[in-house]
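Structure, as structure tokens:
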Amino acid sequence: MFRLIHIFDIKSGKSPESFLSWLDSTLYSKSKEFGCLERKNWVFLDGMKDPYGKGKKKEKRPKYISEAFWEDNQGAEEFRQWLRGPEGANYRKIWLDNISNHSVLRYVEFSAPLSLGDD
Numbered sequence: 002m003f004r005l006i007h008i009f010d011i012k013s014g015k016s017p018e019s020f021l022s023w024l025d026s027t028l029y030s031k032s033k034e035f036g037c038l039e040r041k042n043w044v045f046l047d048g049m050k051d052p053y054g055k056g057k058k059k060e061k062r063p064k065y066i067s068e069a070f071w072e073d074n075q076g077a078e079e080f081r082q083w084l085r086g087p088e089g090a091n092y093r094k095i096w097l098d099n100i101s102n103h104s105v106l107r108y109v110e111f112s113a114p115l116s117l118g119d120d
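Adding 1 to a residue's 1-based position in the sequence shown gives its number in our numbering.
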């Protein structure tokens, strides 16, 4: 399983509800053509530094998180190439017109080695 996470803020004057609705419907339906299994959007509440010690609040982070689950990196990369090309120009414009402070995090599912015996 491959997980792609976008963290971002929505630009001042833009509607978070409208943009996130677009992400959930329009962009998700297109990404499914490339193998996206699921998308979820989240709103960041808070974070703590040293949570098991003094538990100080962390500084400001981007407010929105959009995660996509893929079977592998290949489908995500093909979708990214499509977005960067002429066919994805309108999607890219909507994305860039609405967000700021954007970062991407990429994760792959971890599988611990199995221990089947003493050898």
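All C-beta atoms, glycine included, are put in the ideal place defined by N, C-alpha and C.
Keep in mind that this is a model prediction, so the values were computed, not measured.
Item, Value
"Residue from 4, 20 and 3 whose Cα sits closest to the Cα of residue 11", "20"
"Validate contact between the segment 24-31 and the segment 102-113 using beta carbons, cut 8 Å, 3 pairs", "no"
"Beta-carbon gap between residue 8 and residue 63 smaller than 7 Å", "yes"
"Proximal residues to residue 93 (C-beta, below 6 Å), its chain only, five neighbours per side dropped", "84"
"Minimum length 3: unbroken beta strand (DSSP E) runs contained in the segment 68-110", "100-109"
"Candidates 68, 2, 44 and 17: closest to residue 95 by CA position", "17"
"For residue 40, the nearest candidate out of 87, 98 and 72 (CA to CA)", "72"
"Simplified DSSP state of residue 41, which is helix, strand or coil", "strand"
"Straight-line Cα distance separating residue 57 from residue 66", "22 Å"
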